[in-house]
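See structure below.
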């Protein structure tokens, strides 16, 4: 039986449109990674402290996207998917300390071309299972040959301890298909409390040795200019002042 001509045309058009759709999200992730990478280098070059330990990213697969469309009863159109599914593109930033998570979030979301859609603070208010993280849904422009395209990216920011706990919880959740035995749920809750205690204690130890992370971040790094170069700069500045 020959395939339906309308079905073939639909499939061809949808394949092309969906490829462009996914491409925009990939570029959106790359834009956010660039922004975070610049912030990371700024702290390394200009300060004595870098709050960012690791950066990872992911794009949902087409299968995962369509599964979510079906579960939520959404219209199977790209416009509907774009409007209602905000975690297609994701970037995860892992920091050393709790204070760093807020510092990085503020530095990223205060940029002029970043539009903040929502922020959920699961550090101040953890989920019932003990999960902690900062979640921000942001919109950034991706500049294509046809013009700028707004792309939504989910950004998660957490400490190393929070990330370790979340990774373990995720594995256990899928191992039991969401029906986690009560004793394991209790142990996960205890582990979340232990992770929080570790975060607080490590931040306290760091502050005792180096001072607060805020003070370190605001302290300029030692200059790389040697005395001879500084002398030349001084002489040039004096000549310029005299000439004007």
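In our numbering, the protein residues as written are 168 to 411. Ideal Cβ positions, reconstructed from N, Cα and C, are used throughout, including at glycine. Given the structure is predicted, the values throughout are model-derived calculations rather than measurements.
C-alpha gap between residue i and residue j, whole angstroms
i	j	result
residue 287	residue 335	21 Å
residue 349	residue 294	17 Å
residue 299	residue 362	10 Å
residue 229	residue 318	17 Å
residue 339	residue 357	15 Å
residue 234	residue 346	20 Å
residue 400	residue 410	15 Å
residue 292	residue 266	15 Å
residue 254	residue 238	15 Å
residue 284	residue 223	21 Å
residue 236	residue 245	11 Å
Where the beta strand (DSSP E) containing residue i begins and where it ends
i	result
residue 297	No beta strand (DSSP E) contains residue 297, which DSSP labels as neither H nor E.
residue 322	314-326
residue 226	219-226
residue 284	282-288
Endpoints, the alpha helix (DSSP H) within which residue i is located
i	result
residue 175	172-213
residue 275	265-276
residue 410	394-410
residue 232	229-239
Supposed contact pair residue j and residue i - C-beta distance, whole angstroms, cut 8 Å
i	j	result
residue 252	residue 203	With 8 Å as the limit, residue 252 and residue 203 do not qualify as a contact, their Cβ atoms being about 23 Å apart.
residue 305	residue 270	Not really, about 16 Å apart at Cβ, beyond 8 Å.
residue 209	residue 262	Incorrect: roughly 15 Å between the Cβ atoms, too far for contact.
CB of residue i within 8 Å of CB of residue j, strictly
i	j	result
residue 408	residue 316	no
residue 226	residue 189	yes
residue 280	residue 328	no
residue 256	residue 183	no
residue 307	residue 198	yes
residue 402	residue 264	no
residue 275	residue 213	no
residue 258	residue 211	no
residue 185	residue 309	no
Neighbourhood of residue i by C-beta, 6 Å cutoff - its chain only, sequence neighbours within 5 removed
i	result
residue 324	260, 268, 271, 272, 301
residue 241	247, 251
Same chain, Cβ closer than 8 Å to residue i, five either side skipped, listed in chain order
i	result
residue 296	336, 352, 355, 356, 359
The ligand SAH heavy atom lying under 7 Å from the CB of residue i
i	result
residue 288	Of ligands this structure carries none, so the ligand SAH is not represented either.
Contacting residues, own chain, Cβ-Cβ under 7 Å from residue i (five flanking each side not counted)
i	result
residue 243	236
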